[in-house]
Amino acid sequence: MRKSIFIIVVLILASACKEKVAVPKEWVLSKTIQLDEVNPIGLTQVNGSIWLSDGDHNRLVKIDKEGKITETIDSLDRPMHIDAIKETIFIPEYGKDAIETVDKKGRFIMKVSDSLDAPAGVSVYENERAIADFYNNRILYFDGANWISFGKEGKAQGEFYYPTDVQITKDKIWVADAYNNRVQAFDKKGTFLQMMGQDQRMNAATGIFVSEDEVFVTDFENNRVLVFDKTGVLLQVLKDQIEKPTDMMIKDDTLYVINYRNGKLNLFHKQPIFAKK
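Residue numbers (my numbering): 21 to 297.
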């Protein structure tokens, strides 16, 4: 009898050990890198290397782990929120009203279905393309076969007041609706699905990044980054060493946040909440 009870207890304990207990985690600043005379607006990665758009100096720069410039693409006209796929960088040129692409073959102007007016952000996902068309208060979206346009100036659902950044994910198009101080999400026909951040008193929601589980938005004038879950629940507010943030991305489980004002790159890592000092 005792032997049977012992075996049952061992089995219960073994089963319990196999169950994974979810430990709450949050993003914690781990490092700040001072950039070399760069006022970054957007960032992306190509083959593991980080590229920054330096709109004040009309260039893109590639940096190493210490923030030193290792390569430069000059003669741009106010490059904004950039993106990349494989080895091709897509550059919205705010001053030229065009999207330029750069790869090993050279530099080219991307063909779009309509004229742009100060493109502020671009996103690429497989064969899809999306452009935040700032002064036209709309998104231009290419589904791999056709272009569509959605949005107009306004404050209602599906309307924009100067969209500044955009990101395509598997099933949605996410927009940083900058001066409506919110994020909006749409399906790939341009139909409004949801919004978030409208109750957080943001002041210029200029940049967006969407990971598998979280939505990040820069609250530019309030010097912070807001982190939401996909339903719009606020998870965390990042303020440590953040001053006039413009964009962010996750690379190798590290969250990179760029500061426009002081030219700093902030690195955050997720840590269990109880491990904080």
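Here a beta-carbon is modelled for each residue, glycine too, at the ideal position from N, C-alpha and C.
Beta carbon of residue i nearer than 8 Å to that of residue j
i           : j           : result
residue 275 : residue 47  : yes
residue 205 : residue 183 : no
residue 161 : residue 138 : no
residue 128 : residue 158 : no
residue 55  : residue 78  : no
residue 43  : residue 107 : no
residue 172 : residue 193 : no
residue 224 : residue 237 : no
residue 229 : residue 256 : no
residue 288 : residue 50  : yes
residue 141 : residue 266 : no
residue 8   : residue 45  : Given a span of 21 to 297 for the chain in the structure shown, any question on residue 8 remains unanswerable.
residue 259 : residue 281 : no
Same chain, Cβ closer than 6 Å to residue i, five either side skipped, listed in chain order
i           : result
residue 84  : 90
residue 31  : With a pLDDT of 49 at residue 31, under the threshold of 50, the predicted position of this residue should be treated as unreliable, though the coordinate-derived value follows. If we look at residue 31 and ignore the five residues flanking it on each side, it has no Cβ neighbours.
residue 136 : 117 and 153
residue 189 : 230
Cutoff 7 Å; reference residue i; Cβ partners in own chain excluding five residues on either side
i           : result
residue 254 : 220, 246 and 248
residue 262 : 243, 244, 245, 277, 279 and 286
residue 88  : 56
residue 28  : At residue 28 the pLDDT is 48, less than 50, meaning the model places this residue with poor confidence; the figure from the coordinates comes in the next sentence. Correct list: empty, nothing qualifies.
Neighbourhood of residue i by C-beta distance below 8 Å, restricted to the same chain and skipping five residues each side
i           : result
residue 80  : 71, 72, 73, 74, 92, 93, 96, 99, 102, 109, 111 and 122
residue 218 : 200, 201 and 202
residue 233 : 249 and 250
residue 113 : 96, 97, 98, 99, 100, 119, 120 and 139
Continuous beta strand (DSSP E) stretch holding residue i: start and end
i           : result
residue 126 : 126-129
residue 199 : Segment: none, residue 199 is in no beta strand (DSSP E) and carries neither H nor E.
residue 155 : It is not in any beta strand (DSSP E) - residue 155 carries neither H nor E in the DSSP assignment.
residue 211 : Where residue 211 is concerned, there is no enclosing beta strand (DSSP E), given that its DSSP letter is neither H nor E.
residue 288 : 284-292
residue 45  : 45-54
residue 269 : 265-271
residue 170 : 167-170
Per DSSP, the bridge partner or partners of residue i
i           : result
residue 190 : Answer by DSSP bridge pairing: none, since residue 190 is not bridged.
residue 256 : 247
Expected contact under 8 Å - CB spacing of residue i and residue j to nearest Å
i           : j           : result
residue 148 : residue 134 : No, residue 148 and residue 134 are not in contact; Cβ-Cβ is about 17 Å, not under 8 Å.
residue 170 : residue 210 : 3 Å
residue 144 : residue 105 : 4 Å
residue 60  : residue 283 : 7 Å
residue 239 : residue 215 : About 15 Å separates the two Cβ atoms, so there is no contact after all.
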